[in-house]
Structure formats: C-alpha cells, structure tokens
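**Student:** Taken in order, the sequence shown gives residues 86 to 398; the numbers are from the working numbering.
Where a beta carbon is used, it is the ideal one built from N, C-alpha and C, also for glycine.
Structure in structure tokens, see below.
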Amino acid sequence: MTDTRYLVHGVFWDGPPAATPTDDGGAPVLRLQSPAGDFRELSLRPGSRLGLRVVEPGRSCLGHVQVQSARSRRHILCHSAAPAVRGKQCERCFVLDESRLMHDFHRGGRVTPGLRDYLMQEHWLYVATFAGGATKVGTASGPRKWNRLAEQGAAAARYVARAQDGRVVRILEDLMTARLGLTQQVRSAAKGEALLQPLPAEALDAVNAGAAGDVRALLAGTAVNGFQTVEEQWLRPGHADALFGRSPRHAYPHALDRGQHGFDVAAISGANILARLDGTDARFVVDLSRLAARTVVLGEYASEVPAVQESLF
Numbered sequence: 086m087t088d089t090r091y092l093v094h095g096v097f098w099d100g101p102p103a104a105t106p107t108d109d110g111g112a113p114v115l116r117l118q119s120p121a122g123d124f125r126e127l128s129l130r131p132g133s134r135l136g137l138r139v140v141e142p143g144r145s146c147l148g149h150v151q152v153q154s155a156r157s158r159r160h161i162l163c164h165s166a167a168p169a170v171r172g173k174q175c176e177r178c179f180v181l182d183e184s185r186l187m188h189d190f191h192r193g194g195r196v197t198p199g200l201r202d203y204l205m206q207e208h209w210l211y212v213a214t215f216a217g218g219a220t221k222v223g224t225a226s227g228p229r230k231w232n233r234l235a236e237q238g239a240a241a242a243r244y245v246a247r248a249q250d251g252r253v254v255r256i257l258e259d260l261m262t263a264r265l266g267l268t269q270q271v272r273s274a275a276k277g278e279a280l281l282q283p284l285p286a287e288a289l290d291a292v293n294a295g296a297a298g299d300v301r302a303l304l305a306g307t308a309v310n311g312f313q314t315v316e317e318q319w320l321r322p323g324h325a326d327a328l329f330g331r332s333p334r335h336a337y338p339h340a341l342d343r344g345q346h347g348f349d350v351a352a353i354s355g356a357n358i359l360a361r362l363d364g365t366d367a368r369f370v371v372d373l374s375r376l377a378a379r380t381v382v383l384g385e386y387a388s389e390v391p392a393v394q395e396s397l398f
C-alpha cells in the first residue's frame, strides 16, 4: 500500500501499431499525476493488475495544454489544484487550453503559432465503427494516425482521405456530418454499454465499409482542394480482441467515483477493460474513463464480488 495521492489523467495508448496481425500492438497505460507534478504510467496490458482506492469526492482540474509545435506540446498543471467545473478542467484552465482552439481553426478562428504549426501538418480523415454499430467520422494528425483510433476504442475503422493540413481535414469532416449525417462523437458510456453485447465482427466491418464507401463517394464530387481520397484499413490492437468476442460479460457493479477497486485486466479497448474479479469466473466491462480527474491511492485492493452472483447469469 502507499499513501501517495495521484490525480488520474486517463487511459492513453502509446507506441506504434502492430507490425503484423500476430503482434498485439500499442502500449495502453493509465496515466497518473503525483503531488509533485510528475507523471507515472501503469500498464494496462492484458495480464496486468490494477488496484486503487478513490480518496476524494468530486473531480479535480487536470490543467491545460500548450501546443509548442507539430510534434511538441506542454502540459501545464492547474496552479490552484481547483475543482473541475468544465469536464475535467477549472474555468481558468479551460480558457487557457490551446487544444480547444483547433476546432474553430477552419472557420477562421485564432490560433497560437505552435498550434498553427501543429494544424498545418498532414492530417487524416477516418470512419470508425464501435461495438454496437455506432459510426462516426473523425480526424487525426499524421503522427497519431493509429493511436487516435486505439484510444477511442474503435471496433473497425478505415482511413478515407489524407489532407494537406488540419484546416482541410476539418472542412471535410463537417461536410460528412452535414451531407451524410455522420456524428463526430460517440459517448464513452455508449461504447461501454455496447461492449456488453458486441455485434459480430463481420457485421461491424460491413457497417464500417459501407459508411467509408459513402464518404469516399461524396469526397469524389466535392470542390474542396488539398486532399487525396485513400482506401486504408486501421489495424485494431490485439489487446482488444477478447472484448469484441462473444464470451459472457457483465457491467461492472461498482461506481468508480468512490471506494476501492482491484482486478486483473483480461482485455482492453480504448478506456474500457474486460476485468477478472477475485473470487468469481464472471468477467466485467469497466469504463476507466470514469476515473479521469479523480484522486486515488494505489495498493493491493480488490473489488467486492456482487453478493448474488446468480443474478448475473
């Protein structure tokens, strides 16, 4: 056990994609901020153990981002360790966060020199489908082309265009939403719920292929310049495979805003894990995004097994 209090920043996927279909690909981690301001990363690869206790009520501000260049950004800690009032930020950090400015860049919004450098690099337009069939259109910078989809927990995805910069790709993204009705966001809660009964892999791939085909057809007739249509499939990390299988699983029965939790990771997709609880053969889907901005201590904790296990089956 340890008394060190960590602020949870969330689940991140580092490293390149799998080199071959037999490799797992990527390195999912839970990123924690210590009281001194430095960061610690806990592996979430299948087979790892996660044990923690939530020690403070509510959420605390995670600070803000300062974009320095196309490949460099600086995380600025919240100077007052204030409560989070806008998602995972206090009002001051929300206003100072440069990353939010990128969403209006293609509409003439102002950006800092560092953010402009980031936005002027190559970007990709993709179509992603999740476990229940929900499908969205999105964008990713060249260096995070694969990681972006891994962190979102896509079941299947295809890249449909390579744009010369972030302005062009966001114009294309808005066009797909306006003309095809493709959403630009799927709620994290919906992703977790869908993983309780994921659709068959063949059905999800068919949905994704159909939506990607519709996007490419629309792109072929657009007057927007500065992009090339592409046909490239995203390679899902092997760490996620068991979550998209048909084995029985159940919703995690405990709220992550309080109490102690401990389990083994059997699989991970985005921020959702398939967990093994001590004392039961049942598997549970746990949405770790619910830990973001909460304060925890680490230790040899174990989640309580539901008292009436028969109700799970």
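Measure the Cβ-Cβ separation of D99 and S154 and say whether it is below 8 Å.
**Tutor:** Counted from its first residue, the sequence shown places residue 99 at position 14. Counted from its first residue, the sequence shown places residue 154 at position 69. Taking 8 Å as the Cβ cut-off, D99 and S154 do not qualify as a contacting pair.
**Student:** By Cβ distance, which residues of its chain are closer than 7 Å to G143, with the 5 residues on each side in sequence left out?
**Tutor:** Here residue 143 refers to the residue found at position 58 when the sequence shown is read from its first residue. Excluding residues within five positions, the ones whose Cβ falls inside 7 Å are P168.
**Student:** Under 8 Å, do S388 and L359 count as touching if we go by C-beta distance?
**Tutor:** The sequence position of residue 388 within the sequence shown is 303, counting from 1. The sequence position of residue 359 within the sequence shown is 274, counting from 1. No, the Cβ-Cβ distance between S388 and L359 is not below 8 Å.
**Student:** Exposed or buried, E287, counting other C-beta atoms within 10 Å across all chains shown (16 or more means buried)?
**Tutor:** Within the sequence shown, residue 287 is the residue found at index 202, counting from 1. Label assigned to E287: exposed.
**Student:** Quick one: measure Cβ to Cβ for F312 and A248, integer angstroms, because I've assumed they're closer than 8 Å.
**Tutor:** For this step, residue 312 is matched to residue 227 along the sequence shown. For this step, residue 248 is matched to residue 163 along the sequence shown. F312 to A248, Cβ: 4 Å. Contact.
**Student:** Using the Cβ count rule (16 or more neighbours within 10 Å means buried), how would you classify A296?
**Tutor:** The residue given as residue 296 occupies position 211 in the sequence shown. Buried.
**Student:** In three-state terms, what does DSSP make of Q269?
**Tutor:** Reading the sequence shown from its first residue, position 184 is the one you call residue 269. Correct three-state label for Q269: coil.
**Student:** Starting from G199, trace the alpha helix (DSSP H) both ways and give me its first and last residue.
**Tutor:** Here the question's residue 199 lines up with position 114 in the sequence shown. P198 to L204 is the extent of the alpha helix (DSSP H) around G199.
**Student:** Starting from the C-beta of V292, find all residues in its chain whose C-beta is less than 7 Å away, skip the five residues before and the five after it, and write them out in chain order.
**Tutor:** Start at 1 with the first residue of the sequence shown, and residue 292 comes out as number 207. Excluding residues within five positions, the ones whose Cβ falls inside 7 Å are T214, G218 and T220.
**Student:** How long is the line joining the alpha carbons of T107 and Y244, rounded to whole angstroms?
**Tutor:** Here the question's residue 107 lines up with position 22 in the sequence shown. Here the question's residue 244 lines up with position 159 in the sequence shown. Only weak support exists for where T107 lies, its pLDDT of 43 falling under 50; the value from the coordinates is given anyway. Rounded to the nearest angstrom, the two C-alpha atoms are 21 Å apart.
**Student:** Nearest-angstrom Cα distance between E395 and A367?
**Tutor:** Here residue 395 is taken as the residue at index 310 of the sequence shown, counted from 1. Here residue 367 is taken as the residue at index 282 of the sequence shown, counted from 1. Residue confidence is low: E395 scores 45 on pLDDT, short of 50, so the model does not pin down where it sits. Its coordinate-derived value is still stated next. Approximately 10 Å between the Cα atoms of the pair.
**Student:** Do I256 and V309 come within 8 Å of each other at the CB atom, strictly closer than that value?
**Tutor:** For the purposes of this step, residue 309 is identified with residue 224 of the sequence shown, where counting begins at 1. For the purposes of this step, residue 256 is identified with residue 171 of the sequence shown, where counting begins at 1. Yes; because the gap between Cβ atoms is below 8 Å, this pair is in contact.
**Student:** Do you know whose CA, among G122, L129, A121 and Q237, lies nearest P113's CA?
**Tutor:** Taking the sequence shown and counting its residues from 1, the one referred to as residue 113 is at position 28. The option with the nearest alpha carbon to P113 is L129.
**Student:** Does the distance from the CB of R134 to the CB of F124 come in under 8 Å?
**Tutor:** One-based indexing of the sequence shown puts residue 134 at position 49. One-based indexing of the sequence shown puts residue 124 at position 39. Contact flag unset, no.
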